[in-house]
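Enquirer: Got a structure here, written out as structure tokens. Questions coming.
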Amino acid sequence: MVKSVLFVCLGNICRSPTAEGIFRSKIKTKGFKIRHDSAGLTNWHEGHPPYEPMKNTCENYGYNISDLRARIIKKEDYRDFDWILAMDDQNIDELKNIYPSDPENKIRKITSFIDGSLNSINVPDPYYTGDYEASLNLIEQAVEAFLNQIFE
Ligand code: 4NP
12 MVKSVLFVCL GNICRSPTAE GIFRSKIKTK GFKIRHDSAG LTNWHEGHPP YEPMKNTCEN
72 YGYNISDLRA RIIKKEDYRD FDWILAMDDQ NIDELKNIYP SDPENKIRKI TSFIDGSLNS
132 INVPDPYYTG DYEASLNLIE QAVEAFLNQI FE
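Each residue of the sequence shown is one higher than the last, beginning at 12 in this note's numbering.
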């Protein structure tokens, strides 16, 4: 039984808060109670709200993420969450440095749950690409696929 999910990205102001916002909206609709949080691999934006253009794009799609605040990932997060879902291969490499072993196989790239050709791609970092919508659309697909798999 999945009780908790942590979404991870580099800065915790674009992709992982978006993933958390989409996830909490979808589980609310489905009536599931699952603890969720997001964290960054850096402390660059510690305590900050989501980046304005990302927040606005989420808002346009019906996801309000303005209450979320960035934090850096902690050692204890591995123990405290059932799943740790990252956005790209670089995130996965950095998670492997923090958690050298993953005995419960709980660290995954979020796109790995999508069937077909998208299942190994990285979620582009919109902070650099400027394409907030493309990242949101991919995250939305991945969250939907994750929910379908864990609650099939
Ligand atoms: P995120 O995007 O990892 O999706 O939150 C980034 C946000 C900020 C920076 C890098 C990535 N930054 O360099 O400040």
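Where a beta carbon is used, it is the ideal one built from N, C-alpha and C, also for glycine.
Any residue with its Cβ nearer than 6 Å to a heavy atom of the ligand 4NP should be included. What is that list in chain order?
Expert: Result: 20, 21, 22, 23, 24, 25, 26, 55, 136, 138.
Enquirer: In the stretch 37 to 77, which residue ranges form an unbroken alpha helix (DSSP H) of at least 4 residues, counting only runs that do not cross its ends?
Expert: Fully enclosed alpha helix (DSSP H) runs of 4 or longer: 63 to 71.
Enquirer: Let me check understanding here. Comparing Cα to Cα, which of 108, 30, 95 lies closest to residue 14?
Expert: Cα-wise, what sits closest to residue 14 is 95.
Enquirer: Within 10 angstroms of its Cβ, does residue 112 collect 16 or more other Cβ (buried), or is it exposed?
Expert: With fewer than 16 Cβ atoms within 10 Å of its Cβ, residue 112 is classed as exposed.
Enquirer: Taking buried to mean at least 16 other C-beta atoms within 10 Å of its own C-beta, is residue 12 buried or exposed?
Expert: When all chains shown are included, residue 12 counts as exposed.
Enquirer: Hey, quick one: how far does the beta strand (DSSP E) through residue 15 stretch, first residue to last?
Expert: It spans 15 to 20 - the beta strand (DSSP E) in which residue 15 sits, taken as one unbroken run.
Enquirer: Jot down the residue ranges of each uninterrupted beta strand (DSSP E) in the stretch 81 to 146, minimum 3 residues, whole runs only, in chain order.
Expert: 94 to 97, 118 to 120, all fully within the stretch 81 to 146.
Enquirer: Just mark residue 78 as buried or exposed, buried being the case when its beta carbon has 16 or more other beta carbons within 10 Å.
Expert: Residue 78 should be labelled exposed.
Enquirer: With a threshold of 8 Å on Cβ separation, who are the neighbours of residue 151 within its own chain once the five nearest residues in sequence on each side are excluded?
Expert: Cβ neighbours of residue 151 beyond the five flanking positions: 33, 72.
Enquirer: Just to confirm my understanding: we take residue 121, look at its own chain, exclude 5 residues before and 5 after, and list those with CB closer than 8 Å. What are they?
Expert: Result list for residue 121: 18, 30, 96, 97, 98, 134, 150, 153, 154, 157, in chain order.
Enquirer: Can you grab the Cα-Cα spacing for the pair residue 23 / residue 102, in whole Å?
Expert: One C-alpha to the other measures close to 11 Å.
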